[in-house]
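Asker:
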Amino acid sequence: MLSFLPGPVLYLISLTLLIINTALWGSLISIGGIIKLLLPIKAIRLGLSHLMNRFMWCWALCNGGILAIISNIEWDVEGLDQLDKNGWYLLISNHLSGFDIAAQTYLLRNHIPMLKFFLKQELMYVPIMGLGCWALDMPFMHRTSAAKLRKNPKLKGKDLATTRKACARFKHLPTSIINYVEGSRFTSEKHQRQQSPYKHLLRAKAGGIAFTLSAMGEQFTNLLNVTLVYPDSKPDEDILYGVMNGRVKKVVMKVEVMPVPEVDSDAYFSQAEYRAEFQRWLNDLWLKKDDQIEAIMQQYGNNHLQNKQQ
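In my numbering, the protein residues as written are 302 to 611.
Structure representation (structure tokens):
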């Protein structure tokens, strides 16, 4: 609708609208969090959790509306027909931009429960943000430092037990947990520094998935392997900025529904070979994802994400 305007003008319009959208729904979610704190009744809290997730759904929908106004993005999405709004999912994805979560929540909002992250427990005490995340039932985890474990070996396993207890509420509330297993956004500099064996991806880290599966693996109905590509983005460009100024107009997302891998938490955290085997499984999955991204780039006649050193 407004794509004829110059990029800097589109950026200012989109930035203003996105701030208003986030402030509006974020404020409502925070108010819901205050009510949940004041009324610690299970039925009320469950009802408020559904309402807070609906507010997040509205945030995602409005984000899509803003994008339609400023850039008329073309969405190329596959794999949504196999998803269930009332399922429990662990979603893993490559990570390219600060725009990723907005794109994925918008595209998946009607197909799976609203996305949640495992967050460090310290973030719970960040003003406004911590309350909002708690209101949305984001799972907070406590990680005991290696130094404390050396001083007090009895603490080993306590973090996992605490997280399992915190996640028990998700048995009554369909949930999707997302994990960006590379641990960081892709850039050519990070790719070269890591000496990544992949063309379009950073090395995958198995620890976060293993911890999540150890904490609530039996609750998940499926693993969702999501591949995200922005075929018309420039090398190492800030994709969020590219979207907001109307330059990035194409988003590709492929969703593969997979069985949930089993993780023996005792073996994973105590046996090096068991950890190595799980890492090999993830590496194989990442190799296939790299090939899939290459095929998508070739399909669109663009190879912008290819590392310059290759």
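Don't be surprised by glycine CBs; every beta carbon is placed ideally from N, CA and C.
#1: Alpha carbon to alpha carbon, what distance is there between Leu503 and Asn584?
#2: Between which two residues does the alpha helix (DSSP H) harbouring Thr406 extend?
#3: May I ask which residues mark the beginning and end of the alpha helix (DSSP H) holding Lys337?
#4: Which of the three DSSP states is assigned to Ile429 in this structure?
#5: Assign Ser497 to one of three DSSP states: helix, strand, or coil.
#6: Counting C-beta neighbours from all protein chains within 10 Å, is the total for Trp435 16 or more, i.e. buried, or is it exposed?
#7: For Thr464, count the other beta carbons within 10 Å of its own beta carbon; 16 or more makes it buried, fewer makes it exposed. Which is it?
#8: Return the residue from the list Ile413, Gly399, Ile429 and Gln495 that minimises the CA-CA distance to Glu538.
#9: Gln611 by DSSP, collapsed to three states: which one?
#10: Beta carbon of Leu524, beta carbon of Ile413: below 8 angstroms?
#11: Can you have a look at Phe305 and say buried or exposed, based on whether 16 or more other CB atoms are within 10 angstroms of its CB?
#12: Taking the alpha carbon of Leu416 as the reference point, which residue from Leu397, Pro440 and Pro562 has its own alpha carbon closest?
#13: Quick one: measure Cβ to Cβ for Ile499 and His396, integer angstroms, because I've assumed they're closer than 8 angstroms.
Answerer: Here's the rundown:
#1: 11 angstroms
#2: Asp401 to Leu409
#3: Gly308 to Leu339
#4: coil
#5: coil
#6: buried
#7: Buried, by the Cβ-count rule.
#8: Gly399
#9: With a pLDDT of 41 at Gln611, under the threshold of 50, the modelled position of that residue is not reliable, and the figure given next carries that caveat. For Gln611, the secondary structure class from DSSP, reduced to helix, strand or coil, is coil.
#10: Taking the C-beta atoms as reference points, Ile413 is found no nearer than 8 angstroms to Leu524.
#11: Phe305 is exposed by the Cβ-count criterion.
#12: Closest by alpha carbon: Pro440.
#13: Looking at the sequence provided, one finds Tyr at residue 499 rather than Ile. Incorrect: roughly 13 angstroms between the Cβ atoms, too far for contact.
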